[in-house]
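Below: one structure, written as structure tokens.
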Amino acid sequence: MAKPVRRPAPIIEQVESGTAELVPDPHRPGAWTLFVDDAAQSYVHLPNPTHLEFGYVRRIASIIDTAAPAATPLRVLHLGAGALTLPRYVAATRPDSSQLVIEYDRKLLALVRRALPLPDGDLKVRVADATTATAALGTGEFDLVIADVYQGDQTPAAVTTAGFAADVARVLQPGGLYAANILDTPPFTTTRLQAAIARTAFADVCLIGDADMDRHGGQRNVILAAATTPGRLPLAGLARGLNRPPRGRLLHGPDLDRSIGAVQARATHP
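So the sequence shown is numbered by this note's numbering: it starts at 86 and just counts up by one.
Here's what the structure looks like:
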């Protein structure tokens with residue numbers, strides 16, 4: 086008779102942002118979910134880093150996939166780490182990429198690096214504040230910037246300003262792309278304001294959210310994508326991904342104009 090498989094136990098530790106818990110997936114060996122104060126933050130499948138469990142992460146991955154021809158190395162800045170799901174994805178899908186991860190929670194980083202080892206490659210991790218670190222980086226250092234920054238279940242105010250958007254645009258090379266995860270609730274005023282602010286620093290902006298986001302309450306993840314040069318947003322590639330679960334909706338051009346509406350004035354005259 087075969088012995089039952091012993092599954093790893095959850096790992097619980099106090100970190101600077103609260104109580105972190107790494108919970109193994111009982112149905113997928115080698116996969117873990119990171120919770121902070123009972124809120125799911127990240128999902129990592131160590132044997133297959135291209136398996137992305139969360140819908141909003143798959144949407145950011147579609148930006149990574151369409152940022153350059155397949156397997157082309159990229160210079161990527163990640164603001165916010167979690168369990169480093171997307172840095173692992175980039176390392177797996179675009180070998181030889183150069184990546185810098187900025188995360189303010191030193192204890193969380195230590196837990197993740199100890200329990201979920203990072204892949205080989207040019208992947209540097211730095212403990213710092215996202216806004217301060219971005220302001221100190223050189224001009225044109227990156228092809229892609231990904232922001233997924235939280236304090237609890239809120240996006241910190243410091244990463245929602247026109248000054249921060251300008252810093253992100255500055256560290257991108259011409260034609261570079263920016264992807265930001267925004268956690269918001271109907272009527273999505275924060276999201277619309279963020280899109281308006283992004284337009285003060287970027288040549289092209291779009292929003293990607295759930296197809297039914299206007300019909301249901303509760304918090305939703307909305308992805309803001311922006312490009313430093315006109316016509317650089319990979320709209321066709323992003324649109325192809327909208328039919329994959331969860332079904333999505335893309336706002337760009339006149340549709341985004343209508344969505345932003347009155348908040349545009351607040352973005353240019355805060």
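Even for Gly, the Cβ is constructed at its ideal location relative to N, Cα and C.
Every value quoted in this text rests on a predicted model; they were computed, and no experiment measured them.
(1) When we look at the beta-carbon of I267 and count the other beta-carbons within 10 Å, is it buried (16 or more) or exposed?
(2) Can you grab the Cα-Cα spacing for the pair T274 / V253, in whole Å?
(3) According to DSSP, simplified to helix, strand and coil, what is R343?
(4) By the three-class DSSP mapping on this structure, what secondary structure does F120 have?
(5) Tell me whether F249 sits in a helix, a strand or coil according to DSSP, three-state version.
(6) Could you work out which residue in N328, G322 and V290 is closest to A296 when comparing CA atoms only?
(7) Using a Cβ-Cβ cut-off of 8 angstroms (strictly less than) and excluding sequence neighbours within five positions of V348, which residues of its own chain qualify?
(8) Would you kindly report the start and end of the unbroken alpha helix (DSSP H) that includes V142?
(9) Find the nearest neighbour of R332 within the set P158, Y141 and V100, judged by alpha-carbon distance.
(10) With which residues is I96 paired in a DSSP beta bridge?
Taking the definition as stated:
(1) buried
(2) 22 angstroms
(3) helix
(4) If DSSP states are grouped into helix, strand and coil, F120 belongs with the strands.
(5) helix
(6) N328
(7) T274, R277, L278 and A281
(8) G140 to T151
(9) Y141
(10) L107
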